[in-house]
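Have a look at the structure below before the remarks.
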Amino acid sequence: KSSVQTIGEEQIQNPYTELLVLKGHQDIVRFLVQIDDCRFASAGDDGIIFIWNAQTGEKLYELHGHTHKITAIAPFSSSDVTEEETDLIITASADRTVIAWDCASGRQVQKVSCFHSTVKCLTVLQRLNVWLSGGSDLCVWNRKLDLLCKTSHLTDAGISALVELPKNCVAAAVGKELIIFRLIASSNGCEGWNILEVKRLVDHQDNISSLVSVNDLTFVTGSHVGELIVWDALDWTKQASECNFWDSSVHPDVQPEIKLSQSPHETSVQHLTSDEECVFAAVGKGIYVYNLQMKRVIACQRTAHDSSVLHIEKLPNRQLISCSEDGSVRIWELREKQQLPAEPVPTGFFNMWGFGRANKQANQAAKKMHENTPVYFLELVGDLIGHSSAVQMFLYFGELGLATCSADHLIILWKDGERESSLRSLTLFKKLAQNGDLQLRL
Amino acid sequence: MISAPDVVAFTREEELEDDLYREPPLPEEYSVPLFPFSGQGANPWAKVAGSKFTRDFILISEFSEQVGPQPLLTIPDDAKVSGTFDLNYFSLRIMSVDYQASFVGHPPGSAYPKLNFVEDSKVVLGDSKEGAFAYVHHLTLYDLEARGFVRPFCMAYISADEHKIMQQFQELSTEFSKASECLKTGNRKAFANELEKKLKDLDYTRTVLHNETEQQKKANDKGYYTTQAIEKANELASVEKSIIEHQDLLRQIRSYPYRKLKDSEFHPYEPECALDRADMGNDQDLAASDPGETPLYTHVPSYTPKLIKAKSAKCFDKKLKTLEELCDVYFFTQTLDQLHHIERTFRGDVCYLLTEQISRALLKQQSVTNFLFEDVSFLDEKPPEKQYRGCQGLGQDAIDEKCSEESLAPKVVISLGSYKSSVECVPIKMEQEMEDSEEPKMSESLMSEHQENLDYLDADIKGSISSGESIEVLGTEKSGSGLTKSESQASLPVMPSPQAGRSKVGSRRTVSEDSIEVLSTCPSESLIPEDFKASYPSAINEEPYADDDEGGLRFAPRANPGTDDGQDDASKQESLVQVDAACCIRKESPNFLEPLPELGQKPCEEDGVVRIPPQLYRPAEQGLRGGFPCHDGLSAGLLPYELDSRYLSGGREVSKSSLDECSDSTSYISSAASTCSDRTPSPAHLGSAAGDRHRKRAGQNALRFIRQYPFAHPAIYSLLSGRTLVVLGEDEAMVKRLVMALSIFVPNCGTYAKPVKHWVTSPLHLVDFQKWKLIGLQRAMSPAGVNVLHALSRYSRYLSILDADSKTLRCPLYKGTVVARLADHRTQIKRGSTYYMHVQSILTQLCSKAFLFTFCHHLHLPISEREPEESVVSRRMNFLKLQLGLSNEDIKIVQYLAELLKLHYIQEPGQGGNPLLRYDYVPSFLYKI
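Order-wise, the sequence lines are chains W and L.
Every letter in the first sequence is one number past the one before it in full-length UniProt numbering, and letter 202, counting from 1, is 202.
Every letter in the second sequence is one number past the one before it in full-length UniProt numbering, and letter 380, counting from 1, is 380.
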């Protein structure tokens with residue numbers, strides 16, 4: 001019944017053959033943030049923050065301080081300027097507090113509780129050595145948790161997402177609107193900032209659900225009804241938009257699928273990620289690859305999972321990882337379709353499905369394009385099954401593996417068994433040398 | 001695990017010969033020549049059938065000053081055990097060999113009676129008429145009312161198997177010493193209490209007498225003493241003397257050196273506490289007389305002193321205290337517990353006990369790999385250290401047989417010195433003709449020449465000589481060694497060879513009529529505490545070997561109290577030759593206690609069909625412990641011969657069949673053919689008969705499983721490669737039975753319990769697969785049951801599923817060879833325990849391969865810095881395939897075991913480490929019957 005692509009038990013390309021279950025949380029784990037090369041923090045609805053060693057799975061610290069669930073978490077790594085500062089994590093909670101934690105000692109550095117509403121997003125402007133908290137208003141803080149400036153009350157719903165833009169600007173998603181703020185150094189103090197609303201963009205039809213910066217020139221937003229808008233990061237103009245993710249007729253290179261009803265939930269852009277050339281969008285159950293140059297979706301997997309995709313990430317090796325409410329994590333690879341240039345596009349194909357006429361035009365256009373551009377598709381190369389409930393998020397640690405967190409209160413570290421095995425051998429021989437057991441005993 | 005059937009060679013029995021000829025002949029390397037004395041009893045382990053008791057038991061008897069030797073109790077306390085065996089008679093015998101009759105009373109130089117803290121004596125004694133052999137542990141308990149304050153007791157371990165007594169001597173001695181120590185501690189406490197009461201009585205008596213005397217003095221103003229007054233004065237004087245004597249006794253009993261207990265693991269009580277309690281009733285007088293003691297006695301026990309009559313009751317009128325009264329109930333029950341423990345420990349065939357001990361000792365050393373398949377409880381236990389101390393002569397002599405003259409000396413020494421005791425034949429009544437038949441004096445060269453001839457001659461010769469009423473003292477304790485040795489030289493042309501000492505005795509027993517053989521012993525010096533020696537020099541003076549630095553053997557020709565002077569002189573000059581020679585040679589080869597490396601691995605040699613059960617041996621220091629199988633030499637495929645793939649996997653058909661049959665036949669023999677003590681199964685290891693039963697049942701179930709299910713191989717492969725196997729079924733009993741059967745194949749992940757969960761009713765989670773490698777799961781029709789099945793299908797990649805109801809198995813394919821050897825459904829093995837051992841031996845092989853694989857440096861790390869990872873990987877695969885002879889999926893088994901070894905080794909002792917789950921992306925197949 002399910003049209004979800006499945007992969008058998010034989011997964012040659014799946015490197016993850018070993019796993020560690022990290023237990024500690026007592027409720028849904030929603031956030032994972034990387035602190036440095038081998039540490040990460042997890043937080044969730046139980047209000048506890050854990051710091052883990054990504055290599056060994058060792059629990060380094062358990063941070064207690066919040067009384068409600070965590071709503072946002074951001075790492076604030078030490079700036080190069082001052083050596084004495086250590087890595088911080090800043091967490092915001094539904095108890096209307098924000099706490100800064102010291103990652104090295106596991107202690108609470110400072111706590112701010114002067115908020116009128118829950119802080120829903122945090123962003124760190126490393127360059128300026130300040131961080132921003134977004135709730136019903138936008139506040140700017142320095143490293144010592146001094147409030148530098150704040151905006152007036154924006155909305156009751158609060159800021160749902162923040163992204164840093166060039167020229168000391170930030171984009172804040174507030175409901176359907178996208179507001180651009182600019183930080184201006186105040187004239188009187190050395191470390192004083194003023195925040196100024198620069199522009200409001202009202203192109204989205206529905207609430208903006210995701211916001212991602214692609215590069216210095218571009219950023220992308222996605223909304224609940226499946227709109228994807230590419231913006232110019234410098235003058236905040238709309239460069240391109242895609243709003244018909246669910247409409248199969250628009251993408252002739254994708255196998256068409258007949259769906260009678262499309263609930264808005266299934267078209268919501270849950271998460272966006274990007275590399276230099278493409279934006280990867282988790283839309284409903286599917287994954288879409290939007291090429292910025294071609295300004296179109298070049299590949300997609302309409303039903304990548306059994307239910308909503310919650311998080312996607314692009315790996316350096318043309319691979320893509322997605323996790324979903326169905327509890328699985330899947331690894332995809334973006335591949336070029338082997339297309340023979342002489343092969344004509346089967347026009348009659350769409351007639352069979354009754355799309356022929358409507359798509360005639362588009363089809364022709366597509367055909368033209370296909371002649372000089374490669375066609376891509378997403379191939380499922382592996383899946384990770386371990387969580388028994390929705391996988392909220394994951395962190396890719398490169399060689400160290402992959403950490404996933406889930407509503408089943410668990411964090412799983414997925415590792416490359418081969419690599420771990422050889423690492424253990426290395427440790428073993430080190431320990432042997434240490435113990436002096438390397439000598440022959442004859 | 002090294003199991004008995006592997007060690008025991010294949011022997012052909014006469015009645016089977018016809019059948020054997022029809023079968024294809026065994027390859028030369030597996031055949032063992034016929035047992036030379038097959039006429040006398042085809043089974044080399046056959047015991048003397050004459051014993052009148054059904055199994056080994058422990059007897060406690062006393063030499064009562066009123067009625068003489070009498071048995072007090074037996075353990076187990078069951079009339080069936082001793083059967084028709086005459087306990088009274090045997091008590092008489094065992095009580096009559098206490099050479100250590102302690103001297104208590106007034107020693108010549110001392111004014112007061114002196115308590116000697118006499119060491120227990122340990123004697124091995126045989127009675128061939130009764131078919132009984134006994135380890136006899138003599139001890140004395142103090143009793144104020146007894147003659148000389150002492151009551152001699154003895155505890156005896158009685159068995160029909162002489163070898164068992166001899167070879168387990170050290171263990172028996174250790175265990176019995178604990179029991180004895182417990183008894184004596186209780187006794188000292190009781191004795192001190194008794195003394196205190198007595199002192200109070202005396203004190204009271206003195207007061208009364210004193211008052212009377214004073215009254216008389218007052219009443220009597222005539223200036224001279226009446227006879228009555230003189231009598232009173234005398235009485236008073238004697239009471240006062242008695243007080244001093246008793247005070248002295250009390251001081252002595254309290255000054256008992258407790259230090260020696262510190263070394264032992266066995267603490268039946270807190271010595272300090274006992275001391276304190278004993279001190280409670282102390283009074284001022286005593287404190288004054290003993291400045292060492294602190295007078296802190298506030299608490300006075302409620303004891304009303306009695307007036308003591310000048311003359312106590314007649315010796316035969318009084319009722320002697322029972323053992324229980326002598327030792328305080330608490331200590332008495334402790335002792336009984338200990339004795340029951342001893343009985344359980346030494347139950348069964350000696351062959352089994354020894355094999356068990358050897359394998360335990362060896363396993364202990366394999367600290368890197370032993371956790372994988374061995375019982376956890378097994379590893380935690382501390383084995384008696386003594387078993388390493390001695391090295392057995394027989395295992396040695398089998399190897400030494402062809403050795404030159406030099407090796408003779410160590411052999412002699414070892415045979416005598418095993419367990420620091422000597423084993424020699426000393427018929428007290430000598431047969432004159434025997435002296436004529438062979439030269440009593442022999443040069444060393446002659447001795448060595450005769451060595452081999454005598455091997456089997458001894459048996460007959462001795463059989464003929466020991467007849468009539470002769471008592472054979474096969475070595476005594478203490479003063480024994482030197483003398484008995486000389487005795488044996490004088491009477492018999494028996495070489496001081498170990499063969500003469502030990503292995504022949506069994507056959508001789510049948511012939512001799514009515515004899516007691518004291519087979520050995522002397523308490524080792526180490527048993528005597530230092531402080532004891534210092535404060536009681538008289539006690540040490542009895543030790544003729546006190547200056548023997550090496551602590552091994554004593555050759556000082558001292559008179560044996562039992563046989564005494566005359567013979568001593570007569571035999572002295574003869575003995576000197578032998579003794580000196582032995583001594584000298586011993587010094588030349590100081591390593592005599594070091595075992596030869598082959599020891600224990602080659603229990604048989606030449607014509608010696610395995611005539612001896614496996615010998616205890618002292619594992620070499622260099623051992624396997626964490627050491628390396630010479631990884632230097634291993635580079636580039638230079639491997640020790642063990643790695644020869646032919647040896648490991650080639651010719652497996654042959655090795656399998658012979659092993660199977662062998663293990664079957666031997667287990668049959670050892671259990672059925674031996675006539676004594678073996679009817680009850682041997683305990684698997686000390687004190688855990690339950691574990692043994694479990695093994696047996698698991699083995700039996702596993703056998704049934706592999707016969708019943710044609711897909712047993714992939715199921716076992718799943719377990720060995722670390723893939724969790726779920727046994728799904730409605731019937732709990734059936735599922736549990738399957739789980740138990742399969743549990744013997746599950747490698748341990750650490751030194752915790754086996755990762756086996758027998759019965760689960762809730763849906764499984766990923767965490768469960770980390771923890772458990774074998775799970776019994778309920779199949780239920782309820783909605784919850786649907787969830788259970790859903791979870792199974794969701795996590796199917798981590799699981800193999802054995803459906804017990806529909807008899808299907810879903811798991812990856814297996815094409816290797818190891819499991820086929822492990823679980824051959826056509827196996828001839830019938831018994832569960834045998835199969836268990838078979839499994840253990842194959843698993844041990846796997847472990848050793850995993851060990852090599854894990855600890856070969858170059859298989860995991862590049863030899864040079866520039867070497868690419870691929871070449872290391874290919875080297876690793878080559879090693880697994882070619883050197884270890886593994887094929888297909890077997891590689892994964894070894895890799896998994898190696899991974900466990902690594903984790904175990906890396907893991908810090910304190911922390912448990914995160915359990916990790918390893919898995920493969922391999923397709924599963926559905927197997928049906």
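Every residue, glycine too, gets a C-beta built ideally from N, C-alpha and C.
Please read these numbers as outputs of a predicted model, since none were measured by experiment.
{"Asked": "Chain W contact residues for L:Leu766, given Cβ-Cβ distances below 7 Å", "Found": "Val21 and Gly386"}
{"Asked": "Bridge partner(s) assigned by DSSP for L:Arg697", "Found": "For L:Arg697, which the question treats as bridged, DSSP gives no partner whatsoever."}
{"Asked": "Three-state class that DSSP yields for L:Ala160 in the structure shown", "Found": "coil"}
{"Asked": "Beta-carbon spacing of L:Leu720, L:Ile891 below 9 Å", "Found": "no"}
{"Asked": "Counted within 10 angstroms of its Cβ, other Cβ atoms place L:Arg810 as buried (16 or more) or exposed", "Found": "buried"}
{"Asked": "Neighbour flag for W:Arg424 against chain L, beta carbons, 9 Å", "Found": "yes"}
{"Asked": "Counted within 10 angstroms of its Cβ, other Cβ atoms place W:Gly8 as buried (16 or more) or exposed", "Found": "exposed"}
{"Asked": "Neighbouring residues, chain L, relative to W:Asn14 (Cβ below 9 Å)", "Found": "Tyr921"}
{"Asked": "Coil, strand or helix - L:Cys425 by DSSP", "Found": "Since pLDDT at L:Cys425 reaches only 36, below the 50 mark, its modelled position is unreliable, and no value is offered."}
{"Asked": "Member of L:Ala192, L:Thr140, L:Lys232 and L:Leu144 whose CA lies at the smallest distance from the CA of L:Ser255", "Found": "L:Ala192"}
{"Asked": "Sub-9 Å separation of W:Tyr376 and W:Lys337 beta-carbons", "Found": "yes"}
{"Asked": "Interface flag, L:Phe855 vs chain W, CB-CB below 9 Å", "Found": "yes"}
{"Asked": "Cutoff 6 Å; reference W:Trp414; Cβ partners in own chain excluding five residues on either side", "Found": "Tyr16, Leu19, Leu384, Gly401 and Leu402"}
{"Asked": "Counted within 10 angstroms of its Cβ, other Cβ atoms place W:Val170 as buried (16 or more) or exposed", "Found": "buried"}
{"Asked": "Per-residue burial, L:Ala784 [other beta carbons within 10 Å of its own, 16 or more giving buried]", "Found": "exposed"}
{"Asked": "Under 7 Å by beta carbon: chain L residues contacting W:Ser421", "Found": "Glu899"}
{"Asked": "When W:Arg96, W:Gln293 and W:Gly175 are compared against W:Ser133, the one with the closest alpha-carbon", "Found": "W:Arg96"}
{"Asked": "Proximal chain W residues relative to L:Ile906, where beta-carbon distance stays under 8 Å", "Found": "Arg424, Thr427, Leu428 and Lys431"}
{"Asked": "For W:Ala41, the residue or residues it bridges with in DSSP", "Found": "W:Val33 and W:Ile51"}
{"Asked": "CA-to-CA distance, L:Ala132 to L:Thr205, given in whole angstroms", "Found": "52 Å"}
{"Asked": "Euclidean distance between Cα positions of L:Phe745 and L:Ala79", "Found": "42 Å"}
{"Asked": "Buried versus exposed call for L:Lys232 [16 or more other C-beta atoms within 10 Å across all chains shown]", "Found": "buried"}
{"Asked": "Where W:Gly300 falls: helix, strand or coil (DSSP)", "Found": "Here residue 300 of chain W is Cys; the residue named in the question, Gly, does not match the sequence. W:Cys300 falls in the strand class under three-state DSSP."}
{"Asked": "For L:Ser721, the three-state DSSP class (helix, strand or coil)", "Found": "coil"}
{"Asked": "Beta-carbon neighbours of L:His860, restricted to chain W and to distances below 7 Å", "Found": "Ser422 and Ser425"}
{"Asked": "Element boundaries [alpha helix (DSSP H), containing L:Glu870]", "Found": "Glu869 to Asn878"}
{"Asked": "Per-residue contacts from L:Leu903 into chain W (C-beta, under 8 Å)", "Found": "Arg424"}
{"Asked": "W:Val174 - partner residues in DSSP beta bridges", "Found": "W:Glu177"}
{"Asked": "Proximal residues of chain W, C-beta to C-beta of L:Arg810 below 9 Å", "Found": "Those within 9 Å of L:Arg810 in chain W number zero; the least Cβ separation is about 11 Å."}
{"Asked": "Residue-chain proximity (L:Ala715, chain W), Cβ-Cβ < 9 Å", "Found": "no"}
{"Asked": "Distance between beta carbons of W:Ile411 and W:Ser42, contact taken as under 8 Å", "Found": "6 Å"}
{"Asked": "Any beta strand (DSSP E) of 3 or more consecutive residues that is wholly inside the segment 192 to 238 of chain L", "Found": "none"}
{"Asked": "CA-to-CA distance, W:Asn207 to W:Val174, given in whole angstroms", "Found": "8 Å"}
{"Asked": "Beta-carbon proximity check, L:Leu813 vs L:Pro710, cutoff 9 Å", "Found": "no"}
{"Asked": "3 or more residues per run - each beta strand (DSSP E) lying fully within the UniProt repeat \"WD\" (63 to 111) of chain W", "Found": "70 to 76, 88 to 93 and 98 to 102"}
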